[in-house]
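Engineer: Below: one structure in structure tokens.
Here's what the structure looks like:
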């Protein structure tokens with residue numbers, strides 16, 4: 001768990017400290033207590049540590065998991081903040097109430113449309129490479145090797161989630 005200013009300052013070293021480390025979990029409540037701050041509805045005060053953590057996780061090749069959303073009766077807030085960390089690159093979000101599990105899983109799981117697009121990306125790039133071309137277009141979007149890697153990860157997550 002990453003839950004102090006000192007941990008944020010040393011996050012790259014923590015993230016790469018052991019081959020056995022597979023994920024880091026951000027502890028917003030303890031972090032905010034340590035900074036003498038306050039968790040607000042917008043969570044702007046957490047953007048810096050959240051960004052530092054996801055960057056360190058990516059460098060180390062491990063997962064980044066966000067802290068729970070503490071207002072268990074505010075599903076809209078949970079969804080809003082879960083989408084933010086998902087868009088930041090987080091791999092998951094912890095839950096403190098059973099009602100939070102489905103919305104979190106829905107946000108972190110690819111949709112059927114995501115899966116179909118991923119398959120199209122992989123196939124189109126394979127065809128382009130066979131012709132000696134390093135990029136192509138799928139549904140109006142440029143596709144390069146980096147997009148294929150993202151598509152493969154989408155399919156892997158979908159398979160683990162039982163979507164495909």
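In full-length UniProt numbering, the protein residues as written are 1 to 164.
Think of the CB as a built atom: it goes at the ideal place given N, C-alpha and C, for glycine as much as any other residue.
1) Please state the DSSP three-state secondary structure of residue 65.
2) Runs of 3 residues minimum, wholly inside the UniProt domain "HpcH/HpaI aldolase/citrate lyase" (2-98): which ones carry the beta strand (DSSP E) assignment?
3) Mind checking which residues open and close the beta strand (DSSP E) that includes residue 138?
4) May I ask you to list the residues that DSSP assigns as paired with residue 143?
5) Helix, strand or coil: how does DSSP classify residue 151 here?
6) What would DSSP say about residue 161, mapped onto helix, strand or coil?
7) Tell me which same chain residues have a C-beta within less than 8 Å of the C-beta of residue 82, skipping the five on either side of it?
8) Output the boundary residues of the alpha helix (DSSP H) element that contains residue 110.
Structural biologist: Quick answer:
1) Counting from 1 along the chain shown, the entry for residue 65 is found at position 65. Here residue 65 sits in strand by DSSP.
2) 23-25 and 63-66
3) Position 138 of the chain shown, counting from 1, holds the residue named residue 138. 136-138 is the span of the beta strand (DSSP E), which, as asked, contains residue 138.
4) Locating residue 143 in the chain shown gives position 143, where the first residue counts as 1. Bridge partners of residue 143: 136.
5) Residue 151 sits at position 151 when you count from the first residue of the chain shown. Here residue 151 sits in helix by DSSP.
6) Taking the chain shown and counting its residues from 1, the one referred to as residue 161 is at position 161. In the structure shown, residue 161 sits in coil (DSSP, three-state: anything other than H, G, I, E or B).
7) By 1-based counting over the chain shown, the position of residue 82 is 82. Once the five neighbours on either side are set aside, the close Cβ partners of residue 82 are 66, 69, 93, 103, 104, 107 and 108.
8) Here residue 110 corresponds to residue number 110 of the chain shown, with the count starting at 1. Looking at the DSSP string, residue 110 is not in any alpha helix (DSSP H), and its letter there is neither H nor E.
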